[in-house]
Amino acid sequence: MVKDDNDSIKAPLIGRLAIKNSLVTEYEFDEAIAACTEADDPEEALKEYFLANDLITPQNLKRLVTATKAVELRQRDIKFGAIAVNKGLISQSVLDLVLEEQNQSFKTKKNPRLIGDILVTAGIITVGHRNLILKKQNRLIKEIKQDHANINNSETPKADYKDLTKNIQKQKISNFSTIEVIQYGLKLKIAQDTLTALISKTENFDDNINPDDIRSLLIKKGINFGIVNNDLFLGFIKSRRFKQKGFIAAKGIKPVKGENAKVEYFFDTDHLKAGGLNASGKIDFKDRGIIPQVEEGTVLAEKTPLRKPRNGKNVFGKELATNKAQDINLRYGKGAKLSEDRLKILAAVNGYPKLTWAGLVTVNQEFVTTGDVNYQTGHVKYDGNIRIKGCIKDGFKVSGNDIDAYEIQGGIIHAEGNLTITNGINEATIYAKGNVYAKFVHNSNIVCLGNIYITKEIVDSTIETSGVCITKEGKVISCKITAKMGVFAKQIGTELSEPNVITTGHDIFINKELVIIKDKIRNLMKEKNKNQKSKEKLINRNKQYQKDAAYFANIQEKSEKNQKQLTAKIESMIKNNEKKDLLKKTLNSLKKELKKVNKKLNSYFSKIDEMDEKINSVATSVLEIEQSIDDLVQEKKHLAEWSDANPGDTTVKVTGIVFPGTMVKGKFSEKRIKDKLVNIKIKEFVKQHNDDNKKRNQYEMVIN
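Everything in the sequence shown is counted per the working numbering, starting at 428 for the first residue and increasing by one.
Listed below in structure tokens is the structure:
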């Protein structure tokens, strides 16, 4: 962060000038400072950082170094002038004029003269006085000459380098919304962005004007913000240069645009990256871009924080609004964690990274079975990737992220990611949020968000997918297939098979999934409300326990106090043993009563502790439910966005034969194939026609 002059850590001048002249942003400078803080020479390290990270070109850096030297010299001379004024050697007005002359020499690329030399040459101070002040500043003549040489031999920067006390100000402005001559022979210019008001002198300028007169004129013109102080106005009045040059009389605050926070992922986040088939008809796994396993500690995602916007204000005092910047929360789930600076997501375990539909970064570890999923293994449920080297047998359930198996024989599969079957799928029920890969599908029901790639054939099956159904080298026989992005096959139907029904353009999976998510959210909300009511009851019961505990604690306190008083009284009694014995009996009675009170009090304390645990447990449950609801809301949002970004395709393409009886449906029309067709493409088209002078759309499945 850039520090001001009062901070204990002061940013190098070269960096502040880089920001001021828009060579780097404040955010880039903060990054540079953080990288160079520990360097022996932060300024030199900063120069190297600017060059190494391509933030500033060598030419601009050279100009920046020159400007830095000029400003440093200027600062030292301003201090020289302040010492001279304090010692009564010169007045403030003389100092302003000398500084103005020196400033002009910087900007016109003339040799910059030290103000001490200017004052000596003008006969205002003696050489002795000059050297006395230089000695007080610990400035050697040798060093001063070196400053001159460095500046004279360097290229003067194009940017406007003002001294840090802002005694003299100048700005190049090409466009003005208003230019007018006002009283006292002054010309007023208002910049088009209304952030700057300039004044200059005309031939009729009144030398007797004073700073308050100028201020009043500006206020009459509605300029009421950022007006410079009277010392600067006095310098303007006395200077000759402002007949040609504009003097900044008022300066607004420029609004700063905000920048949205961004998240960069360092792994493939495409949920449904399409796989392909190679020339031999086999699944090309390389084409899917399978993500390599990451190790614990690997950076999976990094957040660039938002840059906060800042409204500005023009010279008329009007607030200038700017854009709003949106923040992003880093979301992570099982197998991932946040870094200490909370700007990175790291792998917490070895595994395979994934961005879920709820927007969570997770790392899935792998569960491997060496044989079949059967009575020996039982159902397999694993919150990660599952690799089965054998077959999933009839009636057994497998649930996980990416699931790989050799074959399915009647299994029930739930895959949050891809399902890859080396051989075939028989009599299975499948749900997958990724792609499905297999050689063949027989007598199965598949519900899939991604694409379906089948090598040989799909027979007697029902398929619903939000992607494309592809069996380029195979057949579709006696099936009902609904594929939002179209169907591609070598053959549809046979002479003897039941007719196929092929539906395209419809997103059944997403529609069903959104309904399921909506129901889940509703059920979770009911559970949350139930827990909150339970929490309120527990809190009320706990309040009663606390009240009862307070009652017995009060009795305890009084009893202990009475016991102390009785004990003291008994100890003080020397005679009257009869009364003494009576007091002892009373004391014993109090002690017995106190034991009962303590027992009761401890009982209530135990109840309070137990109730606190129950309340915390319910509160934790509520937070978990809220997180689950938030995850479902995000998943619902991402699914809807994905569906909108992937509009349906009503194409059915067959490179071989389509047999009669096949029904092909689009979004709004359908066509039954009556004749055997070869190498066709069927797609829904829309035509407009006039009906009662109204244009209406007419849809038709067209065969090409």
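Just so it is clear, CB atoms sit at the ideal spot from N, CA and C, and this is done for glycine as well.
- Each residue's CA atom was taken as its position, placing Thr847 and Val868 some 12 Å apart.
- The Cβ atoms of Leu1021 and Gln983 sit closer than 8 Å to each other.
- Looking at the DSSP output, His841 shares a beta bridge with Ser826, Tyr858.
- Around the beta carbon of Pro469, 16 or more other beta carbons sit within 10 angstroms, so the residue counts as buried.
- Short of 6 Å from the beta carbon of Lys1114, and not among the five residues preceding or following it, lie these beta carbons of its own chain, in chain order: Gln1125.
- Bridge pairing for Arg737: Val683 [DSSP].
- Assigned with DSSP and collapsed to three states, Gly543 falls in helix.
- Between the region 857 to 865 and the region 878 to 893 there are three or more inter-stretch CB-CB distances shorter than 8 Å, so the stretches are counted as touching.
- For Pro485, the enclosing alpha helix (DSSP H) has its first and last residue at 485 to 513.
- An exposed status is given to Arg1123, since fewer than 16 other beta-carbon atoms sit within 10 Å of its beta-carbon.
- When rounded, the separation of the alpha-carbon atoms in Asp831 and Lys899 is 22 Å.
- Our two residues, Leu770 and Lys730, have alpha carbons roughly 5 Å apart in a direct line.
- A residue is called buried when at least 16 other Cβ atoms come within 10 angstroms of its Cβ; Glu722 does not meet this threshold and is exposed.
- In the structure shown, Val655 falls within a coil segment according to DSSP collapsed to helix, strand and coil.
- Counting C-beta pairs closer than 8 Å gives three or more between the region 660 to 667 and the region 520 to 528, which meets the contact rule.
- In this structure Ile680 touches Gly739 by the C-beta definition: roughly 5 Å separates them, less than 8 Å.
- Assignment of Asp633 by DSSP, reduced to helix, strand and coil, places it in the coil class.
- Rounded to the nearest angstrom, the Cβ distance from Val1091 to Met1128 is 6 Å, consistent with a contact under 8 Å.
- Secondary structure note for Lys1018: it is in no beta strand (DSSP E), and the uninterrupted alpha helix (DSSP H) holding it is 1004 to 1072.
- Of the candidates Arg503, His933, Gly442, the residue whose Cα lies closest to the Cα of Glu475 is Gly442.
- Assignment of Lys1098 by DSSP, reduced to helix, strand and coil, places it in the strand class.
- Taking the Cα of Thr921 as reference, the smallest distance to any Cα among Ile890, Arg814, Ile609, Val1085 is reached at Val1085.
- Counting only the Cα atoms, Gly1093 lies some 32 Å from Ile948.
- Proximity to Asp697 across Gly817, Lys1108, Leu491, His1065 peaks at His1065, based on C-alpha coordinates.
- Out of Ile835, Asn850, Lys860, the CA that lies nearest to the CA of Asp829 is found in Lys860.
- Distance from the Cα of Asn927 is smallest, within the candidate group His933, Asp934, Gln918, Ile935, for Gln918.
- The alpha-carbon separation between Gly1075 and Ala1067 amounts to approximately 13 Å.
- Cβ-Cβ separation between Ile772 and Leu727: approximately 5 Å, consistent with a contact (criterion under 8 Å).
- Going by beta carbons, Thr495 and Leu440 fall inside the 8 Å limit.
- The secondary-structure analysis by DSSP pairs Thr731 across a beta bridge with Lys689.
- In the DSSP assignment, Arg814 falls within the unbroken beta strand (DSSP E) covering 812 to 819.
- Taken through DSSP and simplified to helix, strand or coil, Leu622 comes out as coil.
- DSSP places Lys616 within a strand segment (E or B) once states are collapsed to three.
- Proximity to Leu1059 across Arg1099, Leu951, Pro1087, Gln971 peaks at Leu951, based on C-alpha coordinates.
- The DSSP-derived three-state label of Ala910 is strand.
- By DSSP's assignment, Met1128 forms a beta bridge with Glu1111.
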